[in-house]
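Q: Using the UniProt record's numbering, you'd call the opening residue of the sequence shown number 1 and step up by one each time. Glycine included, every Cβ here is placed at the ideal spot set by N, Cα and C. Every value quoted in this text rests on a predicted model; they were computed, and no experiment measured them. Dumping the structure here so I can ask a few things about it.
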Amino acid sequence: MNPHQRDLSVGAAVSTDPYLPRHGNGGYRVQHYDLDLEYRVSSGRLAGRAALTALAERNLAGFSLDLGPLRVDRVLVEGRPARYRHGGGKLAVRPAVPLREGAPFAVEVRYAGVPRGIRSHWGAVGWEHLDDGAMVASQPVGAPSWFPCNDRPDHKSTYATTVTTGTPLTVVAHGHLALRRTGAGATTWRYEQPVPTATYLATVQIGRYDLRETPGRIPLRAAVPARLATRCAHDFGRQDLMLAAFEEMFGPYPFDAYTVVVVDEELEVPVEAQGVSIFGANHVDGRRTHERFVAHELAHQWFGNSVTPASWRHIWLNEGFASYAEWLWSEAGGGEPADAHAARWHARLAAQPQDLLVGDPGVRRMFDDRVYRRGALTLHALRRTVGDAAFFALLRSWTAVHRHGTATTGEFIRLANRHAPYPLDTFFTTWLDTPALPPPPVPR
Ligand SMILES: [Zn+2]
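Pasting the structure below:
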């Protein structure tokens, strides 16, 4: 290693999340990402210019960004060419002039290549090529597959995402459509996202989609293949009722619109992005068979997207809550009451190994179904312990206090204690920090 390389590592290798220590970087915070992308479906080639506005949190001789195996052509810092080294998922940058603590700075990265999902414990995640387009499903480490970023859930930024691609295709990204301009054979779509957003929730969806909108205070949009339009209209047809029910239970919907994208391929599970959810063709059948997913993904807009886990060990704050929202919607929408779901899932969990801590499942098991189901049971048990009034007041307070921010399990427990007539620490220890499954919540 020459001295120059040693300098480059300054600020580059700071572990930020014990679950995913190779992702995310210390020393600075990105405030805004302006991404200008060109995508060719035929070749799968993405060419991008990422303009980042960041703030140095200490004096920095260098810093690093997360970026997958795309070719970097140029890096500018404050408009001046910077030295850089790219490999192993990191783009280490050494600006011509060191950065001063507290100073804002601009970074521009030009890059290109055929994006590939980032390899992870959960397979390749991030940018995916579709037969007739592309999709992004980044949770938890896929964002660097398509743009250079500081990939950590506790940093949120605003975005502008411009995508130019073949004219017959529709582009959906997070935020509102600010521009759509058609030129010779290609159309440019620009989406602006003024709401602070975690990198894993940034998204681009490209495909042959019909765009539909159900107007309302919160417009409900759908980007769906024409052949599935009728099924989708039925399967997502109760989202307006769901939204109203969830606003009553969780507090105001945190964004100004909601878009569902149905890709014309099968997906294992739907995935959430900021103000957007992505479903597979296999999740619509015209009979609302998968309506629980519709509820789950919508609920993520509050739990996960607006209130984001400060680190991945708190994943139950996303998945336990979104899973419980499935039962809440069942109850509100004329299906089985939450008590029935809770009894059934308690019996199933009782028959499974009890070797997982919901409050700290470990990186390999953060998407284990038990985190989802026991997380939901935890909330149901809490509701039956404190009563509906206190429970839903707590949820509304939670989404208000941490709106567009980040949160930890400890913060949830502290807030819950304030909404309960007696301390709940033992309750939470039993449900979240003990492997053995507690007795089932007592039905009302
Ligand atoms: Zn989920």
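Count the other C-beta atoms from every protein chain shown that fall within 10 angstroms of the C-beta of L179, then say buried if there are 16 or more, exposed otherwise.
A: By the 10 Å Cβ count, L179 comes out exposed.
Q: Sorry if obvious, but does the Cβ on E319 come closer than 7 Å to a heavy atom of ligand 1?
A: Correct: E319 has its Cβ closer than 7 Å to ligand 1.
Q: Decide if the region 189-198 is in contact with the region 148-168; the criterion is three or more beta carbon pairs, one per stretch, under 8 Å apart.
A: As far as the Cβ criterion goes, the region 189-198 touches the region 148-168, which means the pair count is three or higher.
Q: According to DSSP, G183 sits in a beta bridge with which residue or residues?
A: Paired residues: none, contrary to the question.
Q: Rounded C-beta distance between G304 and A332? I'm assuming under 8 Å.
A: Contact doesn't hold; Cβ gap of about 20 Å is too wide.
Q: If you measure from the CB of H314, is any heavy atom of ligand 1 nearer than 7 Å?
A: Not under cutoff, so the answer is no.
Q: Could you tell me which of S330, E297 and W302 sits nearest to H402, measuring between CA atoms?
A: Considering only alpha carbons, the answer is W302.
Q: Assess, as a yes-or-no matter, whether the region 238-255 is touched by the region 390-406 under the definition of 3 or more beta carbon pairs within less than 8 Å.
A: Yes: the two stretches touch, three or more of their Cβ pairs being nearer than 8 Å.
Q: Let me confirm a value: R383 is counted as buried when at least 16 other C-beta atoms fall within 10 Å, else exposed. Which label applies?
A: Answer is buried; the Cβ neighbour count reaches 16.
Q: M366 lies in the beta strand (DSSP E); which residues open and close that run?
A: Note, M366: premise wrong, no beta strand (DSSP E); not H, not E.
Q: For N25, count neighbouring C-beta atoms within 10 Å of its own C-beta (all shown protein chains included) and say buried if the count is 16 or more, exposed if not.
A: The residue is buried, with at least 16 neighbouring Cβ atoms inside 10 Å.
Q: Pull the bridge partners of P104 from the DSSP assignment, please.
A: Paired residue(s): L55.
Q: Could you spell out the range, first to last residue, of the beta strand (DSSP E) harbouring I118?
A: I118 to S120 is the span of the beta strand (DSSP E), which, as asked, contains I118.
Q: When the Cα atoms are used, what is the spatial distance from A281 to D132?
A: Between A281 and D132, the C-alpha separation is close to 14 Å.
Q: I'd like the ranges of any beta strand (DSSP E) spanning at least 3 consecutive residues and lying wholly in the UniProt domain "Aminopeptidase N-like N-terminal" (138-201).
A: You should have 156-166, 170-173, 176-182 and 186-198.
Q: To which residues of the same chain is T236 closer than 7 Å at the C-beta, ignoring the five residues directly before and after it?
A: In the sequence as displayed, the identity of residue 236 is Phe instead of Thr. The answer, listed in chain order, is A222, V260 and V294.
Q: Give me whichever residues DSSP pairs with R40 in a beta bridge.
A: Bridge partners of R40: R45.
Q: Can you list, in chain order, the residues of its chain whose CB lies under 7 Å from that of R22, leaving out five sequence neighbours each side?
A: Excluding sequence neighbours, R22 sits near G89.
Q: Comparing alpha-carbon positions, which option in D425, A376 and N150 lies nearest G320?
A: Comparing Cα-Cα distances from G320 to each of D425, A376 and N150, the minimum goes to A376.
Q: Closer than 7 Å to a non-hydrogen atom of ligand 1 - does that hold for the CB of A137?
A: A137 Cβ: outside cutoff for every heavy atom of ligand 1.
Q: Using the Cα positions of A56 and A342, report the straight-line distance between them to the nearest angstrom.
A: Near 47 Å, if we compare the C-alpha coordinates of A342 and A56.
Q: Assuming P435 contacts L356 under a Cβ cut-off of 8 Å, what Cβ separation, rounded to an integer in Å, is found between them?
A: Rounded, the Cβ-Cβ distance is 6 Å, consistent with contact.
Q: Taking its Cβ as the centre, do 16 or more other Cβ atoms sit within 10 Å of V241, making it buried, or is it exposed?
A: Correcting the residue identity first, residue 241 is Leu in this sequence and not Val. The residue is exposed, with fewer than 16 neighbouring Cβ atoms inside 10 Å.
Q: In angstroms, rounded to a whole number, what distance separates the CA positions of I206 and T188?
A: Taking the straight line joining both Cα atoms gives about 12 Å.
Q: If you count every other CB in all the chains shown that lies within 10 Å of the CB of A325, and 16 or more means buried, which is it?
A: By the neighbour-count rule (16 or more Cβ atoms within 10 Å), A325 is buried.
Q: Measure the C-alpha to C-alpha separation of V30 and A96 and round it to an integer number of angstroms.
A: In a straight line, the C-alpha of V30 is about 19 Å away from that of A96.
Q: Can you give, in chain order, each stretch of the alpha helix (DSSP H) that sits fully within the region 240-279 and has at least 4 residues?
A: Listed in chain order, there is nothing to give.
Q: Does the beta-carbon of L379 have 16 or more other beta-carbons within 10 angstroms, so that it is buried, or is it exposed?
A: Under this definition L379 is a buried residue.
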